[in-house]
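Numbering (my numbering), first residue to last: 71 to 463.
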Amino acid sequence: MDIKRQWFLANKDLSRNSINTNFGGNMNVDGKDLGLCSLRNNPKFANTNADNCVEMQLSETYNYTVKQTAQFGLSRKTYGHILSGIPSVSEVNKLLLTFSGTGGPVWIIHGVKIEPYHFAIITDPYVMNLSTIFMPFDGITWILLGTILTLFSILLGVSHTKFELTRVLKVHLFWASSAFLEQSNPKPFQQTARQNRMPVLILLWLILSFFCGVFYKGSLYSFVTARQSPTVPLSLEKIVKEDLAIMMSTTIGHYPELICPLGIILQDLLSSHVDSSSDSFSLLLTKIFSKTEWLIGDESELAKNISLGRNVQVHPNSTLRLPPTFVMLNGATDLTSFIQSMKYFSKSLVIKSQEETPFVFRVPWLVTRNFFYDLFSHGLGALVESGVYQRWR
């Protein structure tokens, strides 16, 4: 431990020598924006990038100069190279194997971003119209009530001293309907009650109408005030079977140099099942890969355009108006942001599925395999263990 401590004390100051990096975001590489990564200066960490904050903080700690470049290589005054934001997919891993010797990039076990994919179904809510008044009772109940009403009106006419069909329709049926609908009209009541040989029928009908009215109004109130969730598919198999549109917006990088992790993950999974053309999982992946559209833009912008019925930008250079019901298949963080934005901008229902998908992408830190690896991994590990790195994220 003493030897390791002495080594870090002797090598922690890199004397402003250069470290190459693929710096992302809009921050200055000279560290002037390091204040944005401070909880004191930026309580909500607005407009920050976790990777940028790490690189700026460690450049201050180890006294090196961050040099933004896309080239990988070392020189006399360039001690190392930092790569971040690159997903660990098959093509990248194959490329890393070619640089497996000294001086090549290597994973840092700290700070690996592991992002599972989840999905949500966006659909229109139920629309209330005049048919709502029939919702509390089903069709059989309404037919039964109509039959009882007609038979009761005829029974009232038969129990009258003088039976007339026109009187049954004009007086008794009208009064029985009015009583059922809780409408008070004394004239038809007097015409029905006068010279009736079975007045108990009138009392029974009033009691039946009262209880039916109570049940009906209670059910109608519950139906109107309750938020009804439509029946939607909540599994990938059912989504593909019902041919719903599938969208994704999770990207890595900055426009126009964007990487779609899901597309790469699907290609990797399909390549591993290339000999399984009859396998159900392989067929599912193929259909998802062919159906998925890649939307361009942040989640709040997409939610606003969708709520206003506008076209959204689709990669690489086209636009699309989304259907009333579609599926958003995103990384967990981006999906949460999209759901919150949809709740703010739109009246559409957003139903998140609890199903675990087979799609997961990992984004590690890659650093030159030399003494700088020990310095950087030690500093990054300290940021992770302290919880600062998680707060930046």
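Just so you know, even glycine gets a beta-carbon here, dropped at the ideal spot from N, CA and C.
So, for residue i: in the same chain, excluding its five sequence neighbours on each side, which residues have a beta-carbon less than 7 Å away from its beta-carbon?
i      : result
LEU354 : LEU306, GLU307, VAL310
HIS39  : Outside the shown range of the chain, which is 71 to 463, sits residue 39, and nothing can be said about it.
LEU390 : GLU363, ASN381, VAL382, VAL384
GLU123 : Residue 123 is actually Cys in this sequence, not Glu. Closer than 7 Å at Cβ, skipping near neighbours: CYS107, TRP462.
PRO331 : PRO157, THR320, ILE322, PHE431
ALA249 : TRP275, LEU276, SER279
ASN133 : ASP83, LEU84, SER85, ARG86
GLY401 : GLU185, TYR187, THR320
Residues in its own chain within less than 6 Å of residue i by CB, not counting five upstream and five downstream?
i      : result
ILE316 : LYS361, THR362, VAL397, LEU399
GLY174 : ARG439
HIS128 : A small correction: the amino acid at residue 128 is Leu; His does not occupy that position in the sequence shown. If we look at LEU128 and ignore the five residues flanking it on each side, its Cβ neighbours are GLY449.
SER88  : THR135, LYS137, LYS147, THR148
TRP177 : PRO434
PRO393 : ALA315
PRO428 : none
Assuming residue i contacts residue j under a Cβ cut-off of 8 Å, what Cβ separation, rounded to an integer in Å, is found between them?
i      : j      : result
TYR187 : VAL430 : 7 Å
PRO157 : ILE322 : 6 Å
TRP275 : PHE207 : With 8 Å as the limit, TRP275 and PHE207 do not qualify as a contact, their Cβ atoms being about 18 Å apart.
VAL182 : PRO434 : 5 Å
PRO300 : THR193 : 6 Å
GLU130 : ILE152 : With a Cβ gap of about 15 Å, GLU130 and ILE152 do not count as contacting.
ALA246 : LEU219 : 6 Å
Suppose you measure from the CA of residue i to the CA of residue j; what does that come to, to the nearest Å?
i      : j      : result
PHE189 : ILE366 : 17 Å
ASN90  : VAL136 : 6 Å
GLU185 : THR406 : 12 Å
GLY457 : GLY150 : 26 Å
LEU271 : ILE224 : 12 Å
GLY283 : SER416 : 36 Å
TYR443 : VAL437 : 6 Å
GLY216 : PHE285 : 16 Å
LEU273 : ILE376 : 57 Å
THR356 : ALA373 : 27 Å
ALA120 : SER292 : 48 Å
TRP212 : ILE329 : 58 Å
GLY288 : GLU252 : 15 Å
SER195 : GLN410 : Looking at the sequence itself, residue 195 is Pro, so the reference to Ser does not match. Roughly 17 Å between the two C-alpha positions.
ARG86  : LEU166 : 28 Å
PHE351 : GLU369 : 29 Å
ILE334 : GLU426 : 19 Å
ASN387 : MET318 : 15 Å
GLN337 : ASP83  : 44 Å
SER154 : LEU445 : 16 Å
GLN460 : GLU161 : 28 Å
GLU550 : ILE210 : There is simply no residue 550 to check, as the chain begins at 71 and stops at 463 in what is shown.
TYR414 : PHE408 : 10 Å
GLU371 : PHE281 : 52 Å
Which residues share a DSSP beta bridge with residue i?
i      : result
PHE186 : Sequence check: residue 186 is Pro here, not Phe. DSSP lists VAL430 as partners of PRO186.
LYS363 : At residue 363 the sequence reads Glu, which differs from the Lys that was named. Answer is MET317.
GLN138 : THR91
TRP177 : LEU436
GLY150 : ILE89
THR389 : GLN383
MET126 : Bridge partners of MET126: none, in fact.
PHE396 : ILE192, ALA315
GLY401 : TYR187
LEU419 : THR193
ILE358 : In DSSP, ILE358 forms no bridge with anything.
ILE322 : ILE329
Which residues in the same chain as residue i place their Cβ atom closer than 8 Å to its Cβ, once the five residues preceding and following it in sequence are excluded?
i      : result
LEU314 : ILE191, PRO303, THR395, PHE396, VAL397
MET412 : ILE192, ALA373, ILE376, SER377, SER418, VAL420
ASN163 : none
ILE379 : The amino acid occupying residue 379 in the given sequence is Gly; Ile does not appear at that position. Taken in chain order, the residues that qualify are ARG391.
Following a CB-centred definition, is residue i positioned closer than 7 Å to any heavy atom of the ligand PLP?
i      : result
SER416 : Judged by which ligands are present, the structure shown has none, so any question about the ligand PLP falls away.
May I ask you to verify whether the segment 331-341 touches the segment 415-422, counting CB pairs closer than 8 Å and requiring at least 3? no
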